[in-house]
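Numbering-wise (this note's numbering), the sequence shown opens with residue 418 and increments by one.
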Amino acid sequence: MEGLFTLDNLATLAMLTLLQAVLGFDNLLYVSIESKRVAAHRQAYVRRLGIGMALVLRVVLLFGVMSAIQYFQEPFFSVNWTGILEGDVNVHGFIVLLGGVFIIYTAVKEIFHMLAVDDLGHGANGGQRSVLSAIVWITVMNLVFSFDSILSALALTDVFLVMAAAIVISGILMIWMADHVAEFLKKNRMYEVLGLFILFIVGIMLLSEGGHLSHLKLFGFAVEPMAKSTFYFVIVVLVLIDIVQSRYRSKLMRQREAELAAGRS
């Protein structure tokens with residue numbers, strides 16, 4: 418225990434906590450969008466309990482991965498559609514692929530729902546999913562998102578307590594940040610579409626990463642993972658486009674109103 422609180426371990430703890438926080442951004446976005454599908458007065462409860470349960474399971478998962486990491490990398494079935502799709506799928510890759518498919522499905526479904534609903538005041542907040550169902554999905558997807566951070570942590574240290582402490586600290590930060598992110602999206606409804614498209618890109622990133630982990634080849638070309646730098650660059654570009662477009666739209670509306678006022682006078 419004395420050797421636990423060394424400068425090296427404390428520095429690693431700080432680095433891992435920062436890494437968990439950065440990698441948790443897309444997770445927070447999913448939590449905020451998923452929690453909106455329950456009754457408004459239960460949303461904060463769903464976010465906190467879902468992240469809290471996932472936090473405990475993350476520590477259990479960390480212990481399991483450390484004990485049996487080789488089994489996560491061993492292929493358990495092969496795909497051999499010559500010239501179309503080929504590869505050897507392992508447990509890690511399979512879980513990430515499933516997570517990517519579900520994230521894309523969720524984002525596309527919510528986008529079509531926003532286009533189809535007549536009254537945006539209804540259907541945007543809750544009533545579509547039970548509290549238990551929302552908590553289960555938040556917990557499951559939190560674990561999917563946690564695989565990368567756990568494997569990244571294993572690359573930095575082999576001290577279980579340091580990794581577990583980083584997971585707990587980042588989990589507490591996520592619980593605190595989840596309400597703020599959800600409140601921001603609630604007050605700024607215009608950013609909901611941006612959030613859903615970011616979630617869609619997260620799904621694409623997970624698919625590319627899962628395909629790479631499973632050594633998949635699509636039409637003869639190896640599937641390469643989307644670099645985190647590319648992901649964040651795309652996010653920054655999307656945010657800038659949304660900001661510029663919103664300001665330009667406001668400017669056009671003010672100009673239109675001025676023209677109408679001048680016409681009436």
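All C-beta atoms, glycine included, are put in the ideal place defined by N, C-alpha and C.
- Using a Cβ distance threshold of 9 Å, S484 and V598 do not count as a contacting pair.
- A Cβ-Cβ separation of about 3 Å places L630 in contact with G510 under the 8 Å criterion.
- The C-alpha of L445 lies about 10 Å from the C-alpha of E451.
- By DSSP's assignment, K634 forms a beta bridge with E503 and A639.
- Here K634 has L502, E503, G504 and V640 as same chain residues with Cβ atoms under 8 Å from its own Cβ, once five neighbours each way along the sequence are excluded.
- If the five residues before and after H632 are omitted, its C-beta is found closer than 7 Å to the C-beta atoms of G504 and D505, all from its own chain and listed in chain order.
- Per DSSP, the unbroken alpha helix (DSSP H) holding S646 starts and ends at K645 to R681.
- For S495, the enclosing beta strand (DSSP E) stretches over residues P492 to W498.
- Straight across, the Cα-Cα distance linking V455 with W554 is about 12 Å.
- In summary, L677 is exposed, with fewer than 16 beta-carbon neighbours lying within 10 Å of its beta-carbon over all protein chains present.
- Contact annotation, L549 with L474: C-beta distance approximately 16 Å; criterion of less than 8 Å not satisfied.
- In this structure, E609 lies near M531, with their beta-carbon atoms less than 9 Å apart.
- Residue environment: I589 is assigned as exposed (fewer than 16 neighbouring CB atoms within 10 Å of its CB, all protein chains considered).
- In the three-state reduction of the DSSP assignment, R454 falls in the coil class, being assigned neither a helical nor a strand state.
- Inclusion of L424 and M580 in the CB contact set at 9 Å is not warranted, their separation being larger than that value.
- 9 Å or more divides the Cβ of L655 from the Cβ of E527.
- The Cβ-Cβ distance between G620 and G516 falls below 9 Å.
- Between S495 and G628, the alpha-carbon positions lie close to 12 Å from each other.
- F636 is the residue among F636, V661, R673 and I658 whose C-alpha sits nearest the C-alpha of N497.
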